[in-house]
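Numbering of the sequence shown is given in this note's numbering, commencing with residue 218 and proceeding in unit increments. Below is one structure, written out as structure tokens; comments come after it.
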Amino acid sequence: MKQTIAGLLITSVAGAALLALPASAQQDRFASVTISTTDLGGGVYMLSGAGGNMGLSVGEDGAFLIDDQFAPLSEKIKAAIAEVSETPVKFLINTHWHGDHTGGNESFGHDGTTIIAHHNVRTRLSTDQVMEAFGREVKAAPEAAWPVITFNDEVNFYQNGQEIEVFHVATAHTDGDALIYFRTADVLHMGDVFFHGSYPFIDTGSGGSIDGVIAAHEEALALVGENTKIIPGHGPMATRADLVATLAMIKSVRAKVAQTIADGLTLEQAIAADPLAEFNEQWGKGFIKPESMLRIVYGDLSTE
Numbered sequence: 218m219k220q221t222i223a224g225l226l227i228t229s230v231a232g233a234a235l236l237a238l239p240a241s242a243q244q245d246r247f248a249s250v251t252i253s254t255t256d257l258g259g260g261v262y263m264l265s266g267a268g269g270n271m272g273l274s275v276g277e278d279g280a281f282l283i284d285d286q287f288a289p290l291s292e293k294i295k296a297a298i299a300e301v302s303e304t305p306v307k308f309l310i311n312t313h314w315h316g317d318h319t320g321g322n323e324s325f326g327h328d329g330t331t332i333i334a335h336h337n338v339r340t341r342l343s344t345d346q347v348m349e350a351f352g353r354e355v356k357a358a359p360e361a362a363w364p365v366i367t368f369n370d371e372v373n374f375y376q377n378g379q380e381i382e383v384f385h386v387a388t389a390h391t392d393g394d395a396l397i398y399f400r401t402a403d404v405l406h407m408g409d410v411f412f413h414g415s416y417p418f419i420d421t422g423s424g425g426s427i428d429g430v431i432a433a434h435e436e437a438l439a440l441v442g443e444n445t446k447i448i449p450g451h452g453p454m455a456t457r458a459d460l461v462a463t464l465a466m467i468k469s470v471r472a473k474v475a476q477t478i479a480d481g482l483t484l485e486q487a488i489a490a491d492p493l494a495e496f497n498e499q500w501g502k503g504f505i506k507p508e509s510m511l512r513i514v515y516g517d518l519s520t521e
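What follows is the structure, encoded as structure tokens:
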């Protein structure tokens, strides 16, 4: 029987709790947030603030933005973009549907920005959802926030001198994940498929799976080289070596949790046995804590 993780990630729900706050409280929370901009070369930037890391390509064809964090940060994000771009955002692509990556969609949509995402992102943004991991209902986003162009497997853009390849990776962080590769600049944005320096959040309630995350990492590694700059969904900018190390950890976590299931341990017995002990010091201090990681992977693998 599938193990539910609803309500079990209480130590890891800062972002989810924030989204449940009234709009005024969210505004107060973000009052001190600043948007930092890192030049990656070739007119491509990484933007960070609160929520998922953003990517940006600028040039005479118009700004091309990847993700847009929380709604109260929209004006700060636009101001940061204006510092490096003479043109407004023409295209906005969402790596997946979560609110710390799509919260600004409505604001950019009202500006006339064309929003693009995988089919499943539009489906989830346009209908009420339940975040099982946090036991929280998420109401459908306003129509202005919905992607107006969707794709199934891949779509390419030719903007600002960049060949931009967007492709879907199935059942990874969610069921609607997209990786975006700026081939000319050699920059890859991985969204929340890649958490740099910490355990990943695998949203099994939204169609994610640990096997999908592993497959997505392997697909990314086949694409990138030693000099590729990798923008993770969360954490500092990364390299191919960082992605290799993260994939090795995730594969080891999968193997150890699978062994507890093969040994007949219940979830509570697995928690007591602490099979991830050797990884927790290095990887367990981020958004997803050690017990939460174990619960997610155990629940995922126990359905196989």
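Where a beta carbon is used, it is the ideal one built from N, C-alpha and C, also for glycine.
Residue i (DSSP reduced to helix, strand or coil)
{"i": "E354", "result": "strand"}
{"i": "K295", "result": "helix"}
{"i": "I467", "result": "helix"}
{"i": "T255", "result": "strand"}
{"i": "S274", "result": "strand"}
{"i": "K502", "result": "coil"}
{"i": "E443", "result": "coil"}
{"i": "T304", "result": "coil"}
{"i": "M263", "result": "strand"}
{"i": "Q476", "result": "helix"}
{"i": "F325", "result": "helix"}
{"i": "N337", "result": "helix"}
{"i": "Y416", "result": "coil"}
Minimum C-alpha distance to residue i - residue among the options
{"i": "D517", "options": "I478, P305, A458", "result": "I478"}
{"i": "R400", "options": "H318, A475, N444, S302", "result": "N444"}
{"i": "R353", "options": "E498, H390, S423", "result": "S423"}
{"i": "I366", "options": "Q379, N337, T391", "result": "N337"}
{"i": "E436", "options": "T421, D420, L464", "result": "L464"}
{"i": "F287", "options": "F325, G414, R512", "result": "F325"}
{"i": "F374", "options": "R512, T340, D480, I333", "result": "I333"}
{"i": "H451", "options": "G414, G393, D428", "result": "G414"}
{"i": "T304", "options": "V461, G321, D328", "result": "D328"}
Close beta carbons around residue i, own chain, < 8 Å, minus the five adjacent residues each side
{"i": "K307", "result": "D278, G279, A280, F281, T330, T331, Q376"}
{"i": "L238", "result": "Residue placement at L238 cannot be trusted, given a pLDDT of 47 that sits under 50; what the coordinates show is reported in the next sentence. For L238, where only same-chain residues beyond five positions count, the Cβ hits under 8 Å are R246."}
{"i": "I252", "result": "L264, S265, G266, L290, K293, I294, A296, A297"}
{"i": "V430", "result": "A389, H390, V410, P417, I419, I467"}
{"i": "V474", "result": "A487, P492, L493, L511, V514, Y515, L518"}
{"i": "S241", "result": "The pLDDT assigned to S241 is 49, lower than 50, so where the model puts this residue is not dependable; a value taken from the coordinates is nonetheless given after this. Within the same chain, S241 has no close Cβ partners at all."}
{"i": "F412", "result": "F418, P449, G450, H451, G452, T463, G503, F504, I505"}
Per-residue burial, residue i [other beta carbons within 10 Å of its own, 16 or more giving buried]
{"i": "M249", "result": "Checking the sequence shown, residue 249 turns out to be Ser, not Met. Exposed is the call here."}
{"i": "G316", "result": "buried"}
{"i": "N270", "result": "buried"}
{"i": "P453", "result": "exposed"}
{"i": "N311", "result": "buried"}
{"i": "V347", "result": "exposed"}
{"i": "E439", "result": "The question names Glu, yet the displayed sequence has Ala at residue 439. When all chains shown are included, A439 counts as exposed."}
{"i": "E508", "result": "buried"}
{"i": "T421", "result": "buried"}
{"i": "A395", "result": "buried"}
{"i": "D392", "result": "buried"}
{"i": "K446", "result": "buried"}
{"i": "D370", "result": "exposed"}
{"i": "T319", "result": "buried"}
{"i": "G425", "result": "buried"}
Own chain partners of residue i with C-beta closer than 7 Å, once the 5 adjacent residues on each side are dropped
{"i": "P359", "result": "E323"}
{"i": "M466", "result": "F496, W500"}
{"i": "D256", "result": "Y262"}
Beta-carbon contacts of residue i that lie in its chain and below 6 Å, excluding the five residues immediately before and after
{"i": "M510", "result": "Y416"}
{"i": "V441", "result": "L405, R457"}
{"i": "I397", "result": "I283, V383, H406"}
{"i": "V261", "result": "S274, F399, A402, V404"}
{"i": "A433", "result": "V386, A389, V410"}
- Query: Any contact of the segment 373 to 387 with the segment 268 to 276, i.e. 3+ C-beta pairs under 8 Å?
  - Reply: yes
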